[in-house]
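Residue numbers (full-length UniProt numbering): 1 to 180.
All residues carry an ideal CB built from backbone N, CA and C; glycine is no exception.
A short worksheet on the structure shown next.
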């Protein structure tokens with residue numbers, strides 16, 4: 001796969017894309033194993049934890065990662081198949097608010113991620129260079145199919161860092177427990 005160029009994605013995705021440090025397909029494949037292991041390292045009682053009032057819980061962040069991967073993979077599929085219909089914005093807060101994520105177990109979230117990522121890797125493997133280079137409008141922004149792969153990988157990394165720093169660090173856990 002050719003390297004991603006800055007004209008293939010809008011600036012709003014730069015932070016996610018910069019989280020991808022190696023070949024994107026290798027990173028997506030590596031996350032297939034490492035992310036479920038990361039989730040399995042979280043105790044079930046931590047799943048409902050939020051580090052501050054009004055912030056998502058651990059389970060909500062994890063399911064947001066799943067929802068975002070689904071939306072971005074769908075967008076990639078549409079553009080790869082040369083469907084240039086402009087795609088509507090993704091309202092992440094509404095997805096979380098209506099997802100009933102806190103009713104789920106962490107193991108079910110890890111399992112869902114595994115199946116979702118495997119399916120997406122199989123899909124992405126079918127894209128050739130012409131399809132990866134196709135551009136379309138999503139959320140009012142021009143982006144290539146290839147860029148969506150980077151967004152998916154980098155978005156997961158972004159939220160994994162947030163989970164480690166804000167949700168799972170001992171300092172934040174102790175501080176939040178004093179708030180209760």
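Problem set entry | Own chain partners of residue 3 with C-beta closer than 8 angstroms, once the 5 adjacent residues on each side are dropped | Taking C-beta separations shorter than 8 angstroms and ignoring five residues to either side along the sequence, residue 3 has no partners in its chain.
Problem set entry | Three-state class that DSSP yields for residue 176 in the structure shown | With a pLDDT of only 44 at residue 176, under 50, the local geometry of the prediction cannot be trusted, and no value is derived from it.
Exercise. According to DSSP, is residue 109 helix, strand or coil?
Worked result: Three-state result, residue 109: helix.
Exercise. Alpha carbon to alpha carbon, what distance is there between residue 168 and residue 89?
Worked result: So the alpha carbons of these two residues sit roughly 30 angstroms apart.
Exercise. Roughly how many whole angstroms lie between the Cα atoms of residue 109 and residue 166?
Worked result: Cα-Cα distance, rounded: 20 angstroms.
For this session: In the DSSP assignment, find the beta strand (DSSP E) that holds residue 137 and state where it starts and stops.
Result: Taken as a continuous stretch (DSSP letters only), the beta strand (DSSP E) holding residue 137 covers 135-138.
For this session: Rounded to whole angstroms, what's the CA-CA distance from residue 52 to residue 81? Just pull it up for me.
Result: Their backbone Cα atoms lie some 42 angstroms apart in a straight line.
For this session: Under 6 angstroms Cβ to Cβ from residue 137, same chain only, skipping five residues before and after it: list those, please.
Result: Within its own chain, the residues whose Cβ lies closer than 6 angstroms to the Cβ of residue 137, once the five positions on either side in sequence are excluded, are 86, listed in chain order.
Exercise. Quick one: what does DSSP say residue 141 is sitting in, helix, strand or coil?
Worked result: Strand at residue 141.
Problem set entry | Simplified DSSP state of residue 32, which is helix, strand or coil | Reduced to three states, the DSSP call for residue 32 is helix.
Problem set entry | Integer Cβ distance of residue 30 from residue 20, believed to fall under 8 angstroms | The distance from the Cβ of residue 30 to that of residue 20 is about 11 angstroms, inconsistent with a contact at the 8 angstroms cut-off.
Exercise. My guess is that residue 69 and residue 152 are in contact by the Cβ rule of under 8 angstroms, so how many angstroms apart are they, rounded?
Worked result: Contact flag correct, Cβ pair sits at about 5 angstroms.
For this session: Whole angstroms is fine: what's the gap from residue 8's alpha carbon to residue 38's?
Result: Spanning the two alpha carbons is a distance of roughly 31 angstroms.
Problem set entry | Sub-8 angstroms separation of residue 45 and residue 158 beta-carbons | With contacts defined as CB atoms closer than 8 angstroms, residue 45 and residue 158 fail to qualify as a contacting pair.
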